[in-house]
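Line by line, the protein sequences are chains X and B. Per the numbering used here: the first sequence = residues 4 to 579. Per the numbering used here: the second sequence = residues -14 to 207. No residue lacks a Cβ here, since even glycine has one placed at the ideal position from N, Cα and C. The next block holds one structure in the form of structure tokens; read it before the comments.
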Amino acid sequence: MTKRAAQAAVWAASAAIGIWLVLDVVRQRALGVDDPGLYFVVVATTVAAVAANGVARSDRHAVLAVLMLWWLVAAVGSDAGVMWPDSRLASTTYFVFTGVVIGAYVHMALAYPSGRVEGRNDRLFVVATYTVALAWIAIPALFYPGCTSCAPAVPSLAFTGSTFDYSGIGTAFEWIFIVLGGVFVGLIVGRLRSWPRGARLTMVPLAVAGLFATVHFIIRQAAILTTWSQASAALDWADRINLVAVPVAIFVGVLAVRRRRGPLGDLVVELGNAPPGQVRAALARSMGDPSLELALWLPDHGGFVDETGAALDVSKHVGGGRALTVIGPPERPLAAIVHDDRLVGQRPVLEAAGSAALLAFENARLQAELRAQLLELQASRARLVAAGDAERRRLERDLHDGAQQRLLALGLALQLLQNERPDARLLSEAQDQLQAALHELRELARGIHPAILNEKGLQAAINSLIDRSPIPVRTDIECDRLPSPVEIAAYFVVSEALANIVKHAEAQAVSISVRLVDDRLVIEVSDNGHGGATPNAGSGLQGLADRIGALSGSFRLESPAGLGTTVHAEIPCASS
Amino acid sequence: MRIVVADDSALIRDGLAELLPLHGFEIAATCSDVTALTDAIAAAKPNLVVLDIRMPPTFSTEGIEAAKAIRVAHPEIGVVVLSQYVEADYALELLRSSPARCGYLLKDRITDMRVLAEALRRVDQGGSYVDPELVDLLLRRRSATNGLEQLTSREREVLSLLAQGLTDRGISERLWLNAKTVETHVRHILAKLNLPIDTGHNRRVLAVLTYLRDAGVSDRCP
């Protein structure tokens, strides 16, 4: 039920009850009825309706209030048969509401405090009660022929035209109701027992409902067993008292919880929910002082600032009907509130509210700070990796342009020498050593940074890795040129994964897939080896995870024993 | 045979300029960058250009670009690229632009003038040259479906030399086989690998090399 619909229902039901009560009093006075029961019912019903409206003021309890009023409407509505004994419509209303009121009572009591009947047992019981009560009243509604000097005197609109003696069925239903009453008491007692101690205040209405059901139950039993002549009157009074007891108890229960939290609690909740920049407004609203100013103390700044961070000289605002409340020790204030000086009497509230506002601020500030730090950390990680990559590239170039060129020149010189002394054995040995050195140097440079990655991109560089793989590799690579950090990271994922497979996995086949999916480069390297790989600290895999983390990517290693290993990495490719 | 040497390192330029004449080559000019190389070619009209793959300004693969440009502008001039990288993609890029009169040689080879001299002669005679280490790398690679497992070990030997750019006669000299036998081997190899038989020699080198290159990486997942 929406909030709006609940409010409308509360209004409509309250109005109906009010009109009904006036009609009832007028009619009964006209008939000369003047007994305490009548006035008690009027007062009790009014109090109950007022209580229901009180409950409805809290949005959270609007549905509960609707259920309370539904029950009250049914309770007073069942009087229709007495008010207009000669109206068949009134007779019908009487029958329907006489049944409904029983179910509505159980419904209201068990829907407390949330407005919903929670739990399968409770729901089943509510449905059962409605069903039994309506079935019980369906028999007279269908077969009651009417009788003079009875109320109602005429049959209902649903009357079938025939009748029979259904007093036996009525007795059977009496027993069923006694059983239902017992179950109801059982449900309530079960709830009271299972609820935590902190919920004690909220138990009041249930305790009352349970007590009433019990008392009613005992009176009924006693009346049946002893054919007690006053039983009817006693039951009437129990009903009348009940009319006010449960609604008032619900009202008290709801109110008690609100009271316990108090307006300050509401304020704290509101401030906690206030979006950044709205804390002052929330405070002003709840204190009812629209010109209220909130000032925060900045220790670095040595002064107060307002919510937006602009400096605020509080002394200028004080005087002329404005007062200052400082929060925290005067020599080391945390915050201050400039407010209407008529609020001085509310200082404890203001102080508490200011502290709550401060909490909200601190919270927002810490979050912003944390976010900024995370961003900075992320950027710094990315910079570190980029710097490392640049360094590797430079190293590779230096090896080629420096050491390698010198070794090559040395090789040329050796050949010139050899030309002059073709028989020198040492010279040819030196030549061989030189070849080996050049070969090692080339592989070293390649391992540090493969030049082909810059030149031709990821696909060519991975193909070059595969050229060197002793294990057959299947590939599925679909990507054009990507930002350099992404290419380098992806290359090292494949390179490190392949190296691990060759070293440890004893695999017969490897498959490499590199694809661009929604601006993320998804890399997967899997083998059919023996699995069981772990990204130990200091291992190449851990380094990979760090490298990819620095690019805000994700890295996952799946290596169930005996089922091969899959390295899965995703790197966001937003050009950077 | 007149040769222009292009390398940004003076040590290498001077060394080659001193060594090559000892092996019967004539140095027409030496230069240190691509612009100077273009001028030198126009002025000296060499038979052959030997150039480093890394040249100014970016020191990456300018050499390949320059070699391709030379082959287009001067089809009569052979080009040998000296490379620091054992990368099939670079060699293929070069040979694809012009399989004839092209060589891709590891730079290490200048420390063994006999190898360099063979490469220069073969390219000068209109052939192609692919460094044996690169061919070895591709042949060593194992793949479940690369087709090489159908070859006998003798056929693999022949295939390797074929990929390096040797002619049938060159292969028969290298392996001490008679020309007829080599021809038969070559036919068998090409048939087993589903490669065309009737193309010219240099096209065949390119086809074999492409085959070897793709054999390891082309068995893509669907």
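Proximity below 9 angstroms, CB of residue i to CB of residue j
i: proline 84(B); j: serine 113(B); result: yes
i: glycine 84(X); j: alanine 154(X); result: yes
i: alanine 52(X); j: leucine 34(X); result: no
i: serine 17(B); j: glycine 48(B); result: no
i: alanine 339(X); j: alanine 298(X); result: yes
i: valine 496(X); j: isoleucine 526(X); result: yes
i: alanine 59(X); j: valine 120(X); result: no
i: valine 109(X); j: valine 79(X); result: no
i: cysteine 482(X); j: arginine 523(X); result: no
i: alanine 360(X); j: leucine 461(X); result: no
i: alanine 508(X); j: arginine 477(X); result: no
i: leucine 183(X); j: leucine 195(X); result: no
i: alanine 226(X); j: valine 188(X); result: no
i: phenylalanine 98(X); j: alanine 141(X); result: yes
i: arginine 94(B); j: leucine 147(B); result: no
i: arginine 86(B); j: isoleucine 62(B); result: yes
i: alanine 212(X); j: isoleucine 222(X); result: no
i: alanine 102(B); j: leucine 36(B); result: no
DSSP beta-bridge partners of residue i
i: aspartate 97(B); result: According to DSSP, aspartate 97(B) bridges with nothing at all.
i: aspartate 242(X); result: For aspartate 242(X), which the question treats as bridged, DSSP gives no partner whatsoever.
i: tryptophan 300(X); result: Phe307(X)
i: cysteine 16(B); result: Ala(-9)(B)
i: cysteine 87(B); result: Val64(B), Ser113(B)
i: valine 329(X); result: Ala339(X)
i: glutamate 372(X); result: Per DSSP, none; premise fails for glutamate 372(X).
Residue environment, residue i, which counts as buried when at least 16 other CB atoms sit within 10 Å
i: proline 207(B); result: Because proline 207(B) sits at a pLDDT of 32, beneath the cut-off of 50, its placement in the model cannot be relied upon, and the following sentence gives the value as read from the coordinates. So proline 207(B) ends up on the exposed side.
i: phenylalanine 167(X); result: exposed
i: proline 302(X); result: exposed
i: serine 81(X); result: buried
i: arginine 205(B); result: Low per-residue confidence applies at arginine 205(B): pLDDT is 42, beneath 50, and the placement is therefore not dependable, though the value from the model is reported in the following sentence. That one is exposed.
i: tyrosine 147(X); result: buried
i: threonine 328(X); result: buried
i: serine 579(X); result: Confidence at serine 579(X) is low in this model, with a pLDDT of 45, below 50, so its placement is unreliable and no value can be given for it.
i: cysteine 150(X); result: exposed
i: histidine 304(X); result: exposed
i: glutamine 370(X); result: exposed
i: glycine 118(X); result: buried
i: glutamate 11(B); result: exposed
i: tyrosine 115(X); result: buried
i: valine 341(X); result: buried
i: glycine 171(X); result: exposed
i: leucine 4(B); result: buried
i: alanine 577(X); result: exposed
i: threonine 5(X); result: exposed
i: valine 29(X); result: exposed
Check: residue i C-beta below 8 angstroms from any heavy atom of the ligand GDP
i: leucine 67(X); result: Absence of the ligand GDP is noted for the structure shown, with no ligands found whatsoever.
Candidates the options, of which the one nearest residue i by Cα
i: alanine 582(X); options: Met111(X), Ala389(X), Gln281(X), Glu399(X); result: Absent from the structure is residue 582(X), since the part of chain X shown begins at 4 and ends at 579.
i: alanine -5(B); options: Ala454(X), Gly405(X), Gln545(X), Leu430(X); result: Gly405(X)
i: leucine 191(B); options: Thr43(B), Asp74(B), Val34(B), Val(-11)(B); result: Asp74(B)
i: glutamate 501(X); options: Pro488(X), Phe558(X), Val570(X); result: It is worth fixing the name first, because residue 501(X) is leucine in this sequence and not glutamate. When each option's Cα is compared against that of leucine 501(X), the closest is Val570(X).
i: valine -11(B); options: Ile26(B), Val19(B), Pro6(B); result: Ile26(B)
i: asparagine 457(X); options: Arg395(X), Gly535(X), Glu354(X); result: Arg395(X)
i: leucine 160(X); options: Pro39(X), Leu417(X), Ser90(X); result: Ser90(X)
i: alanine 412(X); options: Gly391(X), Arg386(X), Leu441(X); result: Leu441(X)
i: leucine 72(X); options: Val99(X), Ala212(X), Val247(X); result: Val247(X)
i: leucine 197(B); options: Ile480(X), Asn466(X), Ala225(X), Tyr494(X); result: Asn466(X)
i: alanine 19(X); options: Tyr42(X), Thr49(X), Arg32(X), Gly213(X); result: Thr49(X)
i: valine 46(X); options: Leu420(X), Val255(X), Leu24(X); result: Leu24(X)
i: histidine 403(X); options: Ala55(X), Pro453(X), Ala112(X); result: Pro453(X)
i: leucine 387(X); options: Leu26(X), Val257(X), Gly552(X), Arg7(X); result: Gly552(X)
i: proline 41(B); options: Val57(B), Val34(B), Val19(B), Lys30(B); result: Val19(B)
i: alanine 8(X); options: Ser17(X), Val69(X), Gly57(X), Gly21(X); result: Val69(X)
Whole runs of the beta strand (DSSP E) within the region 468 to 551 of chain X, excluding any shorter than 3 residues: 476 to 481, 513 to 520, 523 to 530
Runs of alpha helix (DSSP H) lying entirely within the region 32 to 76 of chain X, each at least 4 residues, in chain order: 39 to 59
Complete runs of the alpha helix (DSSP H) confined to the region 422 to 449 of chain X [at least 4 residues]: Listed in chain order, there is nothing to give.
Unbroken stretches of the alpha helix (DSSP H), 4 residues or longer, contained in the region 80 to 105 of chain X: Runs of the alpha helix (DSSP H) inside the region 80 to 105 of chain X: 83 to 86.
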